[in-house]
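Below: the structure, in structure tokens.
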Amino acid sequence: MKILATTTLFSAVSALVLIMASDSIAADDSTLWSALAEGGKVVMIRHTQSEDAPPEVSMHLSAERDCTREQNLSEEGRQHARALGVLFQEQGIEVDAVMSSEFCRARETAELAFGEYDAWLPLNLLEALPADESEWLMEDVRETIGDFDGEGVLVLVSHRSNINTISFQQTEPGNIVVMEPNALGGFSVLGLITQQ
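In terms of the numbering used here, the sequence shown is residues 48 to 243.
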């Protein structure tokens, strides 16, 4: 009986902690959405859920943009991407421009969420970039973020390793890293939106 009571108490406390953590995350997300609504921010979004694929497929970029030769979004990922676009609209976020990795799973995320986008090589999967070019390509992304001075939001759709290298944030599919450029060409990371 004592063991059962202890277990029940532990479960109740654990549930309370989870609820409090969820509320905290939601509050943080609300603050970040408010910051985005003010404009002048940059977000890096990890492409949404993709189908399982071996490394030789997931790291392959088709020169002909033939998505049958690449790893693609799963149906869940497509639904998530559409939901991201709706969420930006519901939150009143003005999107100035969308740039995406050239990989099909990133381009499809950008297209389903926002419609128009420009494919940009520096956002390509870091592990697939030429080793002697990857660092200056990452620096190109940093400069683009730091130099952004638009009234709305610049959206960059990329991959986990790229986003981690730029922002030091670990992301799951569809997560949004919010960044604020400063007047010196640098930027600060405001936080990570995970609840969608």
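Ideal placement from N, C-alpha and C gives every residue a C-beta, glycine not left out. Computed from a predicted structure; not experimentally measured.
Asked	Found
Limits of the unbroken beta strand (DSSP E) element including R93	K88 to R93
Every unbroken alpha helix (DSSP H) within the segment 193 to 220, with a cutoff of 4 residues, ordered by chain	207 to 214
Check whether E141 and N119 have beta carbons under 7 Å apart	no
Whether G197 touches F161 by CB criterion (7 Å)	no
Identity of the residue in T156, E163, R189 and E155 nearest P169 by Cα	R189
N171 classed as buried or exposed, judged by whether at least 16 other C-beta atoms fall within 10 angstroms	buried
Alpha-carbon to alpha-carbon, G221 and H127	7 Å
Cβ shell of G139 (< 7 Å), same chain only, five flanking positions each side left out	A84
Residues bridged to D165 [DSSP beta-bridge criterion]	M146
Bridge partners - P248, DSSP secondary structure assignment	The structure shown does not extend to residue 248, since the chain is modelled only from 48 to 243, so the question has no answer here.
Within-7 Å CB hit, V142 to chain E	Note that chain E does not occur in the displayed structure, where there is just one protein chain.
Whole-angstrom distance between D194 and F234, CA atom to CA atom	9 Å
Beta-ladder partner(s) of L239, from DSSP	V224
Reference Q96, options E227, D76, L231 and S205, closest by Cα	S205
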